[in-house]
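Structure first, then comments.
2 protein chains.
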Amino acid sequence: MQIAVLLYDRFTALDAIGPYETLGRLPGAEVVFVAERPGPVRNDAGSLALVADKGLHEVTRPDIVIVPGGPAPQAEMENPAVLDWLRAVDATSTWTTSVCTGSLLLAAAGLLDGRRASSHWMSLDRLPAFGARPTAERVVFDGKYVTAAGVSSGIDMGLALLGRIAGDEVAQTVQLMTEYDPQPPYDAGSPDKAPADLVARLRAVSPL
Amino acid sequence: MQIAVLLYDRFTALDAIGPYETLGRLPGAEVVFVAERPGPVRNDAGSLALVADKGLHEVTRPDIVIVPGGPAPQAEMENPAVLDWLRAVDATSTWTTSVCTGSLLLAAAGLLDGRRASSHWMSLDRLPAFGARPTAERVVFDGKYVTAAGVSSGIDMGLALLGRIAGDEVAQTVQLMTEYDPQPPYDAGSPDKAPADLVARLRAVSPL
Numbered sequence: 001m002q003i004a005v006l007l008y009d010r011f012t013a014l015d016a017i018g019p020y021e022t023l024g025r026l027p028g029a030e031v032v033f034v035a036e037r038p039g040p041v042r043n044d045a046g047s048l049a050l051v052a053d054k055g056l057h058e059v060t061r062p063d064i065v066i067v068p069g070g071p072a073p074q075a076e077m078e079n080p081a082v083l084d085w086l087r088a089v090d091a092t093s094t095w096t097t098s099v100c101t102g103s104l105l106l107a108a109a110g111l112l113d114g115r116r117a118s119s120h121w122m123s124l125d126r127l128p129a130f131g132a133r134p135t136a137e138r139v140v141f142d143g144k145y146v147t148a149a150g151v152s153s154g155i156d157m158g159l160a161l162l163g164r165i166a167g168d169e170v171a172q173t174v175q176l177m178t179e180y181d182p183q184p185p186y187d188a189g190s191p192d193k194a195p196a197d198l199v200a201r202l203r204a205v206s207p208l
Numbered sequence: 001m002q003i004a005v006l007l008y009d010r011f012t013a014l015d016a017i018g019p020y021e022t023l024g025r026l027p028g029a030e031v032v033f034v035a036e037r038p039g040p041v042r043n044d045a046g047s048l049a050l051v052a053d054k055g056l057h058e059v060t061r062p063d064i065v066i067v068p069g070g071p072a073p074q075a076e077m078e079n080p081a082v083l084d085w086l087r088a089v090d091a092t093s094t095w096t097t098s099v100c101t102g103s104l105l106l107a108a109a110g111l112l113d114g115r116r117a118s119s120h121w122m123s124l125d126r127l128p129a130f131g132a133r134p135t136a137e138r139v140v141f142d143g144k145y146v147t148a149a150g151v152s153s154g155i156d157m158g159l160a161l162l163g164r165i166a167g168d169e170v171a172q173t174v175q176l177m178t179e180y181d182p183q184p185p186y187d188a189g190s191p192d193k194a195p196a197d198l199v200a201r202l203r204a205v206s207p208l
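If you're matching them up, the sequences are chains A and B in order.
Under the UniProt record's numbering, the first sequence has 21 at position 21, and the numbering climbs by one with no breaks.
Under the UniProt record's numbering, the second sequence has 121 at position 121, and the numbering climbs by one with no breaks.
In structure tokens, the structure reads:
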């Protein structure tokens, strides 16, 4: 079982690490970080680089594909190397997944046509242009496609998919190992819950 | 304002990325990943490397220090280069923080003597050997020391500390941007909540 995590310039770190640290603990799985070119790949803030150990051409048949998002991933949505790779690996994957605006990459590759899909709350309205049906839920399963909402939702997606693949007990074990018993100090994690003026202000400046 | 995130061989990725993706969004802050030697640093699973852009000697006066944990970080707890650096930067830091077994490194450096501190639930009982007072809470403030419980708790710590430093509105904005509205598919994230047999089994095989 191979899990491939796609990296690209200006990805969001937690988008990748959330599912990595949960689903990536699937017993017996090999995880590989992959990018157009192997080597360090800088995140959106520019202050962190993760290493892609493999280039796209070296990872041709992963069982699970994880696509993180990033602010306005327009360049990747128009990058034939990335889109071709997504289509190619999706042809044989068991699960094709995304976090945050990663679903825009899957959609741009034509993989979410007619499917329900999640994304960062500020990017949901970009999905219909690619035939996807925006679904404001934290984790959306549609066939083998699993798409998560913004950034931190990849943790919930990782655990949910881990449970589907390996059973509840394995997923619970990983939850306990990672002590995922969230206690956010505020209740502002979704546009429904956050103060309205704050939501409006973010929408006004959104790069997504 | 400089935030330094310490990396070392076999650190746990989410321990570092949780506070990075929350507290690291502090307006005006510069974040630097630092290790004994600059360059790629492999995590506990071995399948991921983060790049330390700076060596310890290049980061001498960070305002905030973040120390992630890892399974059984014994080597670092006995590494004079790391312990000396922790003591040196702590002398001038505004906040010294840890996630998971990162508190064992702070404790081994002598920084938590007499202080309340959290850690991964399986490692709390190692704190008293260093004079710290184990506190089974998700985020523990004691003076300028902020220690979080296992792995994912660094997200809650990052938001809590961000609120203290920059105010509730900034922290809520970051919570909304990262869509941190957790919906774990299971309720097994702490030893109080997980099935007892699962807790017992983990304790039996624990590397911590």
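The C-beta atom is built at its ideal place from N, Cα and C for all residues, glycine as well.
No experiment lies behind these values; they were computed from the predicted model shown.
Check                                                                                                                                  : Outcome
8 Å Cβ cut-off: residues of chain A touching Asp168 (chain B)                                                                          : Tyr186
Neighbour list for Met177 (chain A) in chain B, Cβ cutoff strictly below 8 Å                                                           : Gly150, Val151, Leu202
Straight-line Cα distance separating Ala88 (chain A) from Val34 (chain B)                                                              : 37 Å
Any chain A beta carbon closer than 8 Å to Gln2 (chain B)                                                                              : no
Distance between Thr147 (chain A) and Gly154 (chain A) (C-alpha atoms, nearest Å)                                                      : 9 Å
CA nearest to the CA of Val82 (chain B), picked from B:Tyr8, B:Ala4, B:Ala200, B:Ile17                                                 : B:Tyr8
Cut-off 8 Å between Cβ atoms - residues of its own chain near Val32 (chain A), not counting five sequence neighbours on either side    : Gln2, Ile3, Ala4, Val5, Asp53, Lys54, Val59, Pro62
Paired residues, beta bridge with Ile3 (chain B) - DSSP                                                                                : B:Val31, B:Ile64
Residue ranges of each beta strand (DSSP E) within the stretch 110-165 of chain A, 3 or longer                                         : 139-142, 145-148
Thr51 (chain B) - partner residues in DSSP beta bridges                                                                                : Sequence inspection shows Val at residue 51 (chain B); the Thr mentioned does not correspond to that position. According to DSSP, which records beta bridges pairwise, Val51 (chain B) is partnered with B:Pro40.
Inter-residue CB distance, Pro191 (chain B) and Trp121 (chain B) (contact presumed, cutoff 8 Å)                                        : 5 Å
Neighbourhood of Asn43 (chain B) by C-beta distance below 8 Å, restricted to the same chain and skipping five residues each side       : Arg10, Phe11, Thr12, Ala13, Ala49, Leu50, Gly70
Below-8 Å beta-carbon distance, Ile17 (chain B) vs any chain A residue                                                                 : yes
Chain E contact residues for Glu78 (chain B), given Cβ-Cβ distances below 7 Å                                                          : No chain E is part of this structure, whose protein chains are labelled A and B.
9 Å Cβ cut-off: residues of chain A touching Gly163 (chain B)                                                                          : Pro185, Tyr186
Selected residue, minimal CA-CA separation from Gly28 (chain B), among B:Leu162, B:Gly114, B:Tyr180, B:Met157                          : B:Leu162
Chain-order list of residues whose beta-carbon lies under 8 Å from that of Gly114 (chain B) (same chain, five-residue window excluded) : Gly131, Ala132, Arg133
8 Å Cβ cutoff, Trp121 (chain A) in contact with chain B                                                                                : yes
Other residues of its chain near Thr22 (chain B): CB distance less than 7 Å, five sequence neighbours each side excluded               : Ile155, Gly158, Leu159, Leu162, Val174, Thr178
Residue from A:Asp15, A:Leu26, A:Ala16, A:Leu106 with nearest C-alpha to Ala166 (chain A)                                              : A:Leu26
Unbroken alpha helix (DSSP H) run spanning Ser103 (chain A), endpoints                                                                 : 102-108
Within-8 Å CB hit, Pro195 (chain B) to chain A                                                                                         : yes
For Thr92 (chain B) and Glu169 (chain A), the rounded distance between their alpha carbons                                             : 45 Å
Within chain B, partners of Ile155 (chain A) - CB distance below 9 Å                                                                   : Leu14, Ser152, Ile155, Pro182, Pro184
As assigned by DSSP and simplified to three states, the class of Thr96 (chain B)                                                       : strand
Within-8 Å CB hit, Leu124 (chain A) to chain B                                                                                         : no
Distance between Asp197 (chain B) and Pro185 (chain B) (C-alpha atoms, nearest Å)                                                      : 19 Å
From A:Asn79, A:Ser47, A:Gly189, residue whose alpha carbon lies closest to that of Leu56 (chain A)                                    : A:Asn79
Residue from A:Val41, A:Ala136, A:Glu30, A:Phe141 whose Cα sits closest to the Cα of Thr97 (chain A)                                   : A:Phe141
Minimum Cβ-Cβ distance from Ser103 (chain B) to chain A less than 8 Å                                                                  : no
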